[in-house]
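Everything below concerns the one structure shown next.
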Amino acid sequence: MTIFAKKTLTGIDPSKLTIERNPNPTTLPDNLVWGAHFSDHMLTIRHVPGEGWQAPKIVPYGPLALSPASAVFHYAPSLFEGMKAYKSEGAEPRLFRPDMNMARMLRSAGRVALPQFEPEALISLIQTLVKLDEKFIPPPPFSLYLRPTMIGTRPTLGVGASDDCLLFVIMSPVGPFFPKGFKPVSLLATTDAVRSWPGGTGAFKLALNYAPCFVPQRTAQELGYDQNLWCMGPRVTECGQMNLFVAYESADGVTHLITPPLNGQILPGVTRDSLLSLSRSHIAGEFVVEGLPTSKFEVEEREFTLDDLKLWSSEGKLKEAFGAGTAAIVCPVERIGIPNAEGTIEDLPVPTSESGLGPYATALLAMITSIQEGRIAGPKGWGVVCKSTSA
Ligand SMILES: *Cc1c(COP(=O)(O)O)cnc(C)c1O
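To get this note's numbering, take the position in the sequence shown, counting from 1, and add 167.
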């Protein structure tokens, strides 16, 4: 044995999983409040400095015991993911593009110096957890929302990277975001606070990005708007906790479905990527998205400003706007408030259709939910089935 050899840290090993069953199993509640109910079990994996990832555990859902000195409480090394499992009658539960969530989780961990892990190993453990608690997946359009989380748990107050880490996954049965039909939201262009800036952390799903948005959100609500339209200078970035899509018509009669590019200030949403990819496949003729135009239709990742929105609106060329994210999938926008130099707010109306959701979002929503629920195969790798394992 050589005492000089650098010890390699252990990775996440699904074969070491232990399962402690919940002695007090619960059932799916009748009235689901978003994010307020949890399944019977959770996955926990600790990372210990100098050793690496410890054996994964599935244990009854319940409180964590942490030192009050834990880094997460003081310096916020903390990140999360949001993904969903779907289960149609008689079918196995399905995850939607979990590789995208794992890749983003690794980038988030890297940004706050939390440990890296093997994405396939975590997906495999998540599949086991979902299968174990599959009775908590109500049939579509309901689903089970998964919240993988990592926190720095180093129990000392020194300011620096935390190699002590807890990775956990909790799961919450959720109803459709709009149980009584689509209710379009209003957005207030927020020009006195930013959620993301060059060199900042807005492109990572870090907990520290969210608390600073609470006051601007409350301000928007006090002024009669549902959510913030986040901007960086004159450029529009996102809305609420969603990526923003806008459809407008140019002078040549072409409809452009646009969303800001991933320039480091935009959260790279899995929904955003999926909607772009489906629209592009539709335009290329590889995959038909029923309801999208077959000509004079372009999809672009490009910058746009509040002035662009005002111009398109004044010319009657603003056709549709919607947010995109895992929770709501798509969320129609009916009005955008833009503060002007006089200190008043100018309201731009945005067209919606009778259902509340405009035609582009309607077409894309129908296609993405068919894939998520397993009714249509969709592109390779998008649907991942959760089967029982021997663990
Ligand atoms: C999570 C999130 C999104 C949407 O990402 P999805 O992967 O589609 O759920 C968009 N913007 C922000 C700020 C987010 O936190």
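Where a beta carbon is used, it is the ideal one built from N, C-alpha and C, also for glycine.
{"query": "By DSSP's criteria, residue 304 is part of a beta bridge. Which residues make up the other side?", "result": "Answer is none; residue 304 lacks a bridge partner."}
{"query": "How many whole angstroms separate the CB atoms of residue 246 and residue 272, which I take to be in contact at a CB cut-off of 8 Å?", "result": "7 Å"}
{"query": "Kindly indicate which residue of 218, 251, 516 and 532 has the alpha-carbon position closest to the one of residue 201.", "result": "251"}
{"query": "Tell me the DSSP secondary structure of residue 239 in three-state form.", "result": "helix"}
{"query": "For residue 310, which of 260, 377 and 444 has the nearest alpha-carbon?", "result": "260"}
{"query": "If you draw a straight line from the C-alpha of residue 177 to the C-alpha of residue 539, how long is it?", "result": "34 Å"}
{"query": "Among the residues of its own chain, which have a CB less than 8 Å from the CB of residue 137, if the five just before and after it don't count?", "result": "Past the boundaries of the shown model lies residue 137; the chain is included only from 168 to 558, so the question cannot be answered."}
{"query": "Over the uninterrupted beta strand (DSSP E) stretch that includes residue 394, give me the two end residues.", "result": "394 to 399"}
{"query": "Where does residue 345 sit, in a helix, a strand or coil, going by DSSP?", "result": "coil"}
{"query": "What residue range is occupied by the uninterrupted alpha helix (DSSP H) comprising residue 440?", "result": "437 to 450"}
{"query": "If we count the other Cβ atoms within 10 Å of its Cβ and call it buried at 16 or more, is residue 321 buried or exposed?", "result": "buried"}
{"query": "Residue 263 bridges to which residues according to DSSP?", "result": "550"}
{"query": "Could you check what DSSP says for residue 382 in three-state terms: helix, strand or coil?", "result": "helix"}
{"query": "Exposed or buried, residue 268, counting other C-beta atoms within 10 Å across all chains shown (16 or more means buried)?", "result": "buried"}
{"query": "So, for residue 323: in the same chain, excluding its five sequence neighbours on each side, which residues have a beta-carbon less than 7 Å away from its beta-carbon?", "result": "236"}
{"query": "Excluding the five sequence neighbours on either side, which residues of its own chain have a C-beta within less than 8 Å of the C-beta of residue 228, listed in chain order?", "result": "189, 205, 206, 207, 208, 209 and 337"}
{"query": "Excluding the 5 residues preceding and the 5 following residue 256 in the sequence, name in chain order all residues of the same chain whose CB lies nearer than 7 Å to its CB.", "result": "306"}
{"query": "Does the distance from the C-beta atom of residue 480 to that of residue 515 stay below 8 Å?", "result": "yes"}
{"query": "Throw me the rounded Cβ distance for the residue 496 and residue 535 pair, which I believe falls under 8 Å.", "result": "6 Å"}
{"query": "Go through its chain and collect everything with a Cβ distance to residue 488's Cβ below 6 Å, but skip five positions before and after it.", "result": "413, 500 and 517"}
{"query": "Determine the burial state of residue 519: buried for a count of at least 16 other Cβ atoms within 10 Å of its Cβ, exposed for fewer.", "result": "buried"}
{"query": "At 3 residues or longer, and completely inside the stretch 456 to 493: list those beta strand (DSSP E) runs for me, N to C.", "result": "464 to 468 and 485 to 492"}
{"query": "From 175, 527, 522 and 553, pick the residue whose C-alpha is nearest to that of residue 350; which is it?", "result": "522"}
{"query": "Just curious, the beta strand (DSSP E) that residue 354 is in, first and last residue?", "result": "352 to 357"}
{"query": "State the DSSP-derived secondary structure class of residue 558, mapped to helix, strand or coil.", "result": "Per-residue confidence for residue 558 stands at a pLDDT of 45, beneath the threshold of 50, marking its modelled position as unreliable; no derived number is given."}
{"query": "State the DSSP-derived secondary structure class of residue 389, mapped to helix, strand or coil.", "result": "helix"}
{"query": "Can you give me the C-alpha to C-alpha distance between residue 343 and residue 529, rounded to a whole angstrom?", "result": "15 Å"}
{"query": "By the three-class DSSP mapping on this structure, what secondary structure does residue 506 have?", "result": "strand"}
{"query": "Could you please give me the residues that DSSP links to residue 368 through a beta bridge?", "result": "For residue 368, which the question treats as bridged, DSSP gives no partner whatsoever."}
{"query": "In the DSSP output, which residue or residues are listed as bridge partners for residue 252?", "result": "262 and 311"}
{"query": "In whole angstroms, give me the CA-to-CA distance for residue 408 and residue 348.", "result": "21 Å"}
{"query": "Give the range of the beta strand (DSSP E) segment to which residue 245 is assigned.", "result": "245 to 247"}
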